[in-house]
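In my numbering, the protein residues as written are 6 to 632.
Reviewing the structure listed below.
Set out below in structure tokens:
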């Protein structure tokens, strides 16, 4: 370790963070939920910066002031800094090359960062990752793309040129790509073009907006960009979306609460915001929408004053909330070992497409893993030690038969595995190291079908057998030898039936015993020997956890209680601990709860999902003795 003095002569166990800090000079995020909206036209120029919490609806409060009152500037951010570049200001020649920055975590005034190559207004912000902020210059050079290093101060540097020359463009970003859309050229444009952040050069064609426009704004998660409102020349209500990794035309995503242009766009990985703008007059309204699922915007709160052309950004946009921040553009895959990683995907909060992970051996909050191809809820999950599958579910287009998978060792998005025999939601899933089984569901009436897939091989579901009756919303317990299905709805009535299948042999259900009460929407998990069924509805919401010994048919017995009465919380486990994540209490919750499977007792708080949700699919690389 001689080349790394921070580690020389040190003994003991080093965490990965310690090594990265010493060797790479980087850091790991500590988390901030702040969004900043600065400067703008009120109708004169303002230097004021507002802030609001992106996780809690409410009004903005004062953050500080820029050194120069300005409007029509651009805003960029890395995880710790927000940068405001160029704009109009009330001194001839009325455009400025000034660049200022603030530290997002600490209220205060702007500091000098550097200068643009040319005085410019209408710069397009939002672009870039933790190490490079990429934006268009606006009126200074109408097709020029510039960049900054947000971690240090300095002047803008030439990046390349857009495919179209014009001002009033909008920008969105992932950790690797920036897309620019629309412009005034002098007519309005529908062109979307893109650049790769790591490689200097000119933009290439990406696709088209749903309509030619100007004065739009953008925000993004790590995978999806949303273009907000704009003019054609009249103001627009539209939200257009693109999948940043895949070139193609934008799709209609929903609508704002009214027709708006010139708002400030900001986001974290879950929610996008439109701040202020012009709706025929200046507005102070903050609107929010779910980036993952689409849909119409809703009122979130108010800025401290009505304004337009107030650029906005946060330290969580475009995937900056993921993992390591420093010399790497992408987060370091955690690669948690067998028996450590749990994955939860989809769920009801509009039908999310997010996949979250948490470590089953270390208490703490969930982190972003990737995204499903399409957001769904009431889906089932199955896994072995290397691969996790998510099957069926419901989304705005109806029930789906889609099966997606991810590789457990590396963060990433869902890929196609195959299809179930039929589209259905409310499905129960379970698995061992070899086979994954799904049971029951709704399509649109309840079904009794059980099907299986071979987890190691892509392909469609195959008929396995049948439940004793049509059923949905049961709890599933999957071990090395048996798949147990407990409770659920039969003809819209809750039941206490427990039955099982021998995973290695196709065939129909065999009676196992009974739950203590009729119950649906519970979550099931297990070790090698014991299965747990917790929460759900027993007429009203329940906190009850019951246990069965997997090898011995019998009625369930009492185990303990969840921290609160919770329905629609899915469960998973390693061979030591069981976990329930999210659910409804009756409002949606993000709480993760834990029990020790071998010892009867009550659940304890373990951490939080990064978004409240119910009816998600959850599994792990260590359930039922897989580890």
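Think of the CB as a built atom: it goes at the ideal place given N, C-alpha and C, for glycine as much as any other residue.
Status (buried if at least 16 other CB within 10 Å, exposed otherwise) for residue i
i, result
"residue 267", "buried"
"residue 401", "exposed"
"residue 117", "exposed"
"residue 607", "exposed"
"residue 245", "buried"
"residue 367", "exposed"
"residue 403", "exposed"
"residue 125", "buried"
"residue 316", "buried"
"residue 256", "exposed"
"residue 358", "buried"
"residue 138", "buried"
"residue 214", "buried"
"residue 90", "buried"
"residue 456", "buried"
"residue 559", "exposed"
"residue 113", "exposed"
Where residue i sits in the DSSP three-state scheme
i, result
"residue 323", "helix"
"residue 628", "helix"
"residue 208", "coil"
"residue 507", "strand"
"residue 489", "strand"
"residue 515", "strand"
"residue 584", "strand"
"residue 413", "coil"
"residue 464", "coil"
"residue 555", "coil"
"residue 287", "strand"
"residue 635", "Because the chain is modelled from 6 through 632, residue 635 falls outside the range shown and cannot be assessed."
"residue 548", "coil"
"residue 437", "coil"
"residue 499", "strand"
"residue 615", "coil"
"residue 371", "coil"
"residue 60", "coil"
"residue 478", "coil"
"residue 149", "strand"
C-alpha distance - residue i paired with residue j, whole-angstrom precision
i, j, result
"residue 644", "residue 42", "The requested residue 644 is not part of the displayed model; the chain covers only 6 to 632."
"residue 623", "residue 216", "39 Å"
"residue 581", "residue 588", "22 Å"
"residue 339", "residue 416", "Unreliable positioning characterises residue 339 in this predicted model, as indicated by a pLDDT of 47, which lies under 50. The coordinate reading is nonetheless provided below. Their backbone Cα atoms lie some 8 Å apart in a straight line."
"residue 304", "residue 85", "27 Å"
"residue 499", "residue 619", "19 Å"
"residue 265", "residue 241", "6 Å"
"residue 491", "residue 524", "8 Å"
"residue 323", "residue 203", "15 Å"
"residue 346", "residue 393", "11 Å"
"residue 156", "residue 270", "22 Å"
"residue 209", "residue 198", "5 Å"
"residue 81", "residue 239", "27 Å"
"residue 440", "residue 590", "33 Å"
"residue 564", "residue 601", "10 Å"
"residue 436", "residue 223", "42 Å"
"residue 284", "residue 613", "38 Å"
"residue 628", "residue 460", "15 Å"
"residue 329", "residue 376", "Only weak support is given to the placement of residue 329: the predicted model assigns it a pLDDT of 39, under 50, and the value that follows is read from those uncertain coordinates. So the alpha carbons of these two residues sit roughly 19 Å apart."
"residue 177", "residue 188", "14 Å"
"residue 432", "residue 74", "57 Å"
"residue 292", "residue 274", "16 Å"
"residue 396", "residue 141", "42 Å"
Identified DSSP bridge partners for residue i
i, result
"residue 218", "194"
"residue 387", "394"
"residue 185", "176, 198"
"residue 50", "46"
"residue 576", "585"
"residue 378", "In the DSSP output, where bridge partners are listed per residue, residue 378 has none listed."
"residue 77", "According to DSSP, residue 77 bridges with nothing at all."
"residue 277", "272, 294"
"residue 599", "584, 609"
"residue 408", "396, 423"
"residue 444", "433, 455"
Min CB distance residue i to chain D below 8 Å
i, result
"residue 167", "Looking for chain D here will not work: only one protein chain is present."
query = Does the count of Cβ pairs from the region 175 to 187 and the region 107 to 127 closer than 8 Å reach three?
reply = As far as the Cβ criterion goes, the region 175 to 187 does not touch the region 107 to 127, which means the pair count is below three.
inquiry  = Is it the case that the region 347 to 364 contacts the region 379 to 390, given that we only count it when at least three CB pairs across the two stretches are under 8 Å?
reply    = yes
query = Does the region 278 to 288 come within contact of the region 301 to 316, defined as at least 3 CB pairs closer than 8 Å?
reply = yes
query = Does the region 526 to 535 come close enough to the region 571 to 581 that 3 or more CB-CB pairs lie under 8 Å?
reply = Because the criterion of three Cβ pairs below 8 Å is met, the region 571 to 581 and the region 526 to 535 touch.
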